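Residue numbers are given in our numbering: position 90 of the sequence shown equals residue 75, and the series is strictly consecutive.
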Amino acid sequence: SALAKLCPYYDQLAPVMLERASTRPLYSSDALHDRGNIDSDSESESDVENQPSSIGISVAKYGSKKRKSVEEEWNDIRSSMLKVKQEEDAKRMKIEEQKLALAVKKEDRESKLGEVNLVIMQAKAREAVMHEKTQLLLARRQLQDAGVNQDEIDKMLPI
């Protein structure tokens, strides 16, 4: 046939392609060769019944049923995808709320840490002042024990 000349693999592909209803052609040149040299004007009732147009109508009806189910499937898929997206958004919002709560807690801790550090620095400053006064008094005491006059001690190490 003409198809065999166009495609060298036609003999191998034809059985596979003919098994699939979606790929079976409505009209083919093979049907003409099988019928012989019958004129198209002299068709009998059996020829009219075997015409592919009835197959085309049934395929079209079947396709419309399929399309409806495919549309329903897509609607189901869309609704499930929407549900999943909403769940993901809810999880994302929950995570954001947790992050915000953690940030607030972190700021509170840093604020309290700053207050504690301030108290510690103030205590260290008081300790340093006390240490200086203690050293001053010890130095004055040593000078008194060494017999230095009180007026000279007051001039050298004023309180």
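Positions of the beta carbon are idealized from the N, C-alpha and C atoms, including for glycine. Computed from a prediction, not measured in an experiment: that's the story for all the values here.
Can you tell me the Cα-Cα spacing of residue i and residue j, whole angstroms?
| i | j | result |
| --- | --- | --- |
| Y(-5) | V1 | 10 Å |
| I144 | A113 | 16 Å |
| E82 | D74 | 12 Å |
| K76 | V69 | 10 Å |
| P(-7) | S54 | 39 Å |
| E137 | A131 | 12 Å |
| E4 | A(-13) | 21 Å |
| L98 | K140 | 44 Å |
| Q71 | N102 | 46 Å |
| L85 | V104 | 29 Å |
| S64 | E56 | 12 Å |
| A108 | V133 | 35 Å |
| M115 | M106 | 14 Å |
| R94 | E58 | 53 Å |
| K91 | N60 | 46 Å |
Any idea what DSSP makes of residue i, helix, strand or coil?
| i | result |
| --- | --- |
| V149 | Examination of residue 149 is not possible in this model, given that the chain is present from -14 through 144 alone. |
| P(-7) | coil |
| V104 | helix |
| I173 | With the chain running from -14 to 144 in the structure shown, residue 173 is simply not present. |
| R94 | helix |
| R5 | coil |
| P0 | helix |
Excluding five sequence neighbours on each side, which residues of the same chain lie with their C-beta closer than 8 Å to the C-beta of residue i?
| i | result |
| --- | --- |
| L142 | L121, A124, R125 and L128 |
| Q135 | Q129 |
Compute every distance between the C-beta of residue i and the non-hydrogen atoms of the ligand FAD, then say whether any falls below 8 Å.
| i | result |
| --- | --- |
| K68 | As presented, the structure is devoid of all ligands, the ligand FAD included, so that no description of it is given. |
Short of 6 Å in beta carbon distance, which residues of its chain neighbour residue i, apart from the five on each side in sequence? Order them along the chain.
| i | result |
| --- | --- |
| D32 | Since pLDDT at D32 reaches only 48, below the 50 mark, its modelled position is unreliable, and no value is offered. |
Can you find the residues in the same chain that come closer than 7 Å, C-beta to C-beta, to residue i, ignoring five residues on each side of it along the sequence?
| i | result |
| --- | --- |
| L67 | none |
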